[in-house]
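Novice: Numbers 4 to 347, taken from my numbering, label the letters of the sequence shown in order.
Every residue, glycine too, gets a C-beta built ideally from N, C-alpha and C.
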Amino acid sequence: MSTSLFSPYTLKGLQLKNRVVMAPMCQYSVTEKDGKPNDWHYVHYLSRAIGGTGLIIMEMTDVDPDGRISDLDLGLWSDDHIPSFARIIDGVHSHGAKIGIQIAHAGRKAEDALEPVAPSAVKYPEDRYKVPRALTTEEVKEMIQLFADAVRRAVQAGVDMIELHGAHGYLIHQFHSPLTNKREDEYGKDLSKFGVDIIQAVKKEMPEDMPLFFRISAVEYVDGGYDIDHTIDLCKAYQAAGVDLFHVSSGGEGPAGERKPGNYPGYQVPFARSIREALDVPVAAVGILDDPALTQAVIANEDADLAAIGRGMLRDPYWAAHAAIALKEKETTYVPKQYELGYS
Numbered sequence: 004m005s006t007s008l009f010s011p012y013t014l015k016g017l018q019l020k021n022r023v024v025m026a027p028m029c030q031y032s033v034t035e036k037d038g039k040p041n042d043w044h045y046v047h048y049l050s051r052a053i054g055g056t057g058l059i060i061m062e063m064t065d066v067d068p069d070g071r072i073s074d075l076d077l078g079l080w081s082d083d084h085i086p087s088f089a090r091i092i093d094g095v096h097s098h099g100a101k102i103g104i105q106i107a108h109a110g111r112k113a114e115d116a117l118e119p120v121a122p123s124a125v126k127y128p129e130d131r132y133k134v135p136r137a138l139t140t141e142e143v144k145e146m147i148q149l150f151a152d153a154v155r156r157a158v159q160a161g162v163d164m165i166e167l168h169g170a171h172g173y174l175i176h177q178f179h180s181p182l183t184n185k186r187e188d189e190y191g192k193d194l195s196k197f198g199v200d201i202i203q204a205v206k207k208e209m210p211e212d213m214p215l216f217f218r219i220s221a222v223e224y225v226d227g228g229y230d231i232d233h234t235i236d237l238c239k240a241y242q243a244a245g246v247d248l249f250h251v252s253s254g255g256e257g258p259a260g261e262r263k264p265g266n267y268p269g270y271q272v273p274f275a276r277s278i279r280e281a282l283d284v285p286v287a288a289v290g291i292l293d294d295p296a297l298t299q300a301v302i303a304n305e306d307a308d309l310a311a312i313g314r315g316m317l318r319d320p321y322w323a324a325h326a327a328i329a330l331k332e333k334e335t336t337y338v339p340k341q342y343e344l345g346y347s
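(1) Would you kindly work out how many angstroms separate the C-alpha atoms of Tyr-1 and Ile-147, rounded to a whole number?
(2) Who are the Cβ neighbours of Ala-287 in its own chain at under 8 Å, not counting the five residues just before and after it?
(3) Opposite Ser-252 in the DSSP bridges: which residues?
(4) At which residues does the alpha helix (DSSP H) containing Ala-323 begin and terminate?
(5) Curious, which full-length beta strand (DSSP E) runs of at least 3 residues does the region 33 to 64 contain?
(6) Bridge partners of Arg-136, per DSSP?
(7) Express the C-alpha separation of Ala-89 and Glu-129 in angstroms, rounding to a whole number.
(8) Look at Val-162 and Gly-103 and say whether their C-beta atoms are less than 8 Å apart.
(9) Is the region 72 to 90 close to the region 117 to 128, with three or more CB pairs under 8 Å?
(10) Between the alpha carbons of Pro-339 and Lys-144, how many angstroms are there, rounded?
(11) How big is the Cα-Cα spacing for Gly-228 and Lys-331?
(12) Less than 8 Å separating the beta-carbons of Gly-57 and Lys-101?
(13) What did DSSP end up calling His-96 once you bin it into helix, strand or coil?
(14) Return the bridge partner residues of Gln-105 from the DSSP annotation.
(15) List the endpoints of the continuous alpha helix (DSSP H) containing Gln-18.
(16) What residue from Asp-74, Leu-282, Val-95 and Tyr-173 has the CA that sits closest to Thr-34's CA?
(17) Might you give, ordered along the chain, the residues of its own chain that have their beta carbon closer than 7 Å to the beta carbon of Asp-226, omitting 5 neighbours on each side?
(18) If we ignore side chains and look at the alpha-carbon of each, how far apart do Ser-123 and Gly-110 end up?
(19) Counting along the chain, where does the alpha helix (DSSP H) carrying Val-402 start and finish?
(20) Going by C-alpha distance, which of Val-301, Asp-67, Gln-203 and Val-284 is nearest Pro-273?
(21) Count the other CB atoms within 10 Å of the CB of Lys-263; is the residue buried (16 or more) or exposed (fewer)?
(22) Mapping DSSP to helix, strand and coil, what is Met-146?
(23) Which first and last residues belong to the alpha helix (DSSP H) in which Tyr-267 is found?
(24) In three-state DSSP terms, what is Thr-13?
(25) Leu-344 by DSSP, collapsed to three states: which one?
(26) Residues in its own chain within less than 7 Å of Tyr-12 by CB, not counting five upstream and five downstream?
(27) Give the secondary structure of Ala-311 by DSSP, where H, G and I count as helix, E and B as strand, and everything else as coil.
(28) Closest by CA to Gly-172, which one among Pro-258, Gln-203, Asp-152 and Val-284?
(29) Quick one: is Ala-107 buried, meaning 16 or more other Cβ sit within 10 Å of its Cβ, or exposed?
(30) Taking 7 Å as the limit between beta carbons, can you name the residues of its chain near Arg-155, skipping five residues before and five after?
(31) Pick from Gln-159, Gly-290, Cys-238 and Leu-117: whose alpha carbon is nearest that of Glu-280?
As structure tokens, then:
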């Protein structure tokens, strides 16, 4: 019997009831600009847990106030943030789902920072962005510690896994891209070093049986951007440093040039499969996987181990339950008993 979208999955100490993942998606809904999740986030995440999702990855959560895309984003730069996250995590657990947090820094894409920072003073090529200041070598090391501190807080809040955001043109991506890293120190000579050092630092703050995910852009779409071969080399270094699963996306480093993203259902799945095969490592595929039949095929064909649903789950908090019905899953009832009348 082939693996199904609704078969259980175990990675280290993480035991999932199905392979459906809620991809991290920014809500831009912090009301006091203090980085703390509020009632919107509570309802947003718990509704997806009630809707049958196996793993929820909370949106990009930043390690520094000036590391946010906007002042309306989540952060974990203070112990004062822990209770607000713990409330959501406890609630999600009470409905049978697992939950983690995507830890990040926006780097040169921090729109509300007075002075964004980056590996090099290379501006994002759109008018609304500022020219960033290049971090000193000592500041880079301090930034690594900020990631470790944020992960420690996430663990204290009760998460089941951690994801590092190394994709979509944010700070870790900026360090491992030749387009944005023009440094002459150790963090420029080895483009994977910043990511490796963060991985090693955060692993020290995580229980041994807690898996570390890493989101990566498999290709860049700007002219002169890197391709899958560069990504595979990066992933080898990151895997050796301690990454347990790669969450494979693409782009985000700038407006597309001659090469354009596919933007059709499943267009990023071949990237995930390439990394899975090259490294013999678990991967999560993402990218317009809204059709349950397509998503089932991605898992059954062993293109990926997990399927991350983004916009489809914004439209439908019960995406997992509705997918189970569409795929005629018999083993498990995904509709909450309180709502069974609506499906009879």
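Specialist: This is what the structure holds:
(1) Residue 1 lies beyond the stretch modelled for the chain, which goes from 4 to 347, so this question has no answer here.
(2) In the sequence shown, residue 287 corresponds to position 284, counting from 1. Val-24, Phe-216, Leu-248, Phe-249, His-250, Val-251, Ala-275, Ala-307, Asp-308, Leu-309, Ala-310 and Ala-311.
(3) Against the sequence shown, residue 252 aligns to sequence position 249. DSSP lists Ser-220 as partners of Ser-252.
(4) Here residue 323 is taken as the residue at index 320 of the sequence shown, counted from 1. Looking at the DSSP string, the run of the alpha helix (DSSP H) that includes Ala-323 is 322 to 329.
(5) Taking only runs of at least 3 residues, no beta strand (DSSP E) segment lies wholly in the region 33 to 64.
(6) Here residue 136 refers to the residue found at position 133 when the sequence shown is read from its first residue. Its beta-bridge partners are Val-120.
(7) Numbered from 1 along the sequence shown, position 126 holds the residue referred to as residue 129. Numbered from 1 along the sequence shown, position 86 holds the residue referred to as residue 89. One C-alpha to the other measures close to 37 Å.
(8) Taking the first residue of the sequence shown as position 1, residue 162 is located at position 159. Taking the first residue of the sequence shown as position 1, residue 103 is located at position 100. When the beta-carbon positions are compared, Val-162 and Gly-103 come within less than 8 Å of each other.
(9) Result no; under three Cβ-Cβ pairs closer than 8 Å.
(10) Locating residue 339 in the sequence shown gives position 336, counting from the first residue. Locating residue 144 in the sequence shown gives position 141, counting from the first residue. If I take the Cα positions, the gap works out to 47 Å.
(11) Looking up residue 228 in the sequence shown gives position 225. Looking up residue 331 in the sequence shown gives position 328. When rounded, the distance between both Cα atoms is 43 Å.
(12) Within the sequence shown, the letter at position 54 stands for residue 57. Within the sequence shown, the letter at position 98 stands for residue 101. Yes, Cβ-Cβ distance for Gly-57 and Lys-101 is below 8 Å.
(13) Working through the sequence shown from its first residue, we reach residue 96 at position 93. DSSP places His-96 in helix when its eight states are reduced to three.
(14) Here residue 105 refers to the residue found at position 102 of the sequence shown. Glu-166, per the DSSP bridge assignment.
(15) Reading the sequence shown from its first residue, position 15 is the one you call residue 18. Gln-18 -> not in any alpha helix (DSSP H); beta strand (DSSP E) instead, spanning 17 to 19.
(16) Here the question's residue 34 lines up with position 31 in the sequence shown. Looking at the Cα atoms, Asp-74 is the closest of the given residues.
(17) Reading the sequence shown from its first residue, position 223 is the one you call residue 226. The answer, listed in chain order, is Gly-260 and Glu-261.
(18) As a first step, residue 123 is located in the sequence shown; it is residue number 120 there, counting from the start. As a first step, residue 110 is located in the sequence shown; it is residue number 107 there, counting from the start. Taking the straight line joining both Cα atoms gives about 10 Å.
(19) Summary: the structure shown does not reach residue 402, with the chain confined to residues 4 through 347, and so no result is reported for it.
(20) The sequence position of residue 273 within the sequence shown is 270, counting from 1. Checked all of Val-301, Asp-67, Gln-203 and Val-284; the closest Cα to Pro-273 is Val-301.
(21) Within the sequence shown, residue 263 is the residue found at index 260, counting from 1. Under this definition Lys-263 is an exposed residue.
(22) For the purposes of this step, residue 146 is taken as the residue at position 143 of the sequence shown. Three-state DSSP puts Met-146 in a helix.
(23) Taking the first residue of the sequence shown as 1, we reach residue 267 at position 264. Unbroken run through Tyr-267: none, as it is neither H nor E.
(24) The residue labelled residue 13 in the question sits at position 10 within the sequence shown. The DSSP-derived three-state label of Thr-13 is strand.
(25) Counting from one through the sequence shown, the residue named residue 344 turns up at place 341. Correct three-state label for Leu-344: helix.
(26) Here residue 12 corresponds to residue number 9 of the sequence shown, with the count starting at 1. The answer, listed in chain order, is Leu-19, Arg-22, Asp-308 and Leu-309.
(27) If you number the sequence shown from 1, residue 311 lands on position 308. Strand.
(28) Within the sequence shown, the letter at position 169 stands for residue 172. With distances taken between Cα atoms, Gly-172 lies closest to Pro-258.
(29) For the purposes of this step, residue 107 is taken as residue 104 along the sequence shown, with counting starting at 1. Ala-107 should be labelled buried.
(30) As a working mapping, residue 155 is identified with position 152 in the sequence shown. Within the same chain, Arg-155 has close Cβ partners Glu-208.
(31) Here residue 280 refers to the residue found at position 277 when the sequence shown is read from its first residue. It is Cys-238 whose Cα lies nearest to the Cα of Glu-280.
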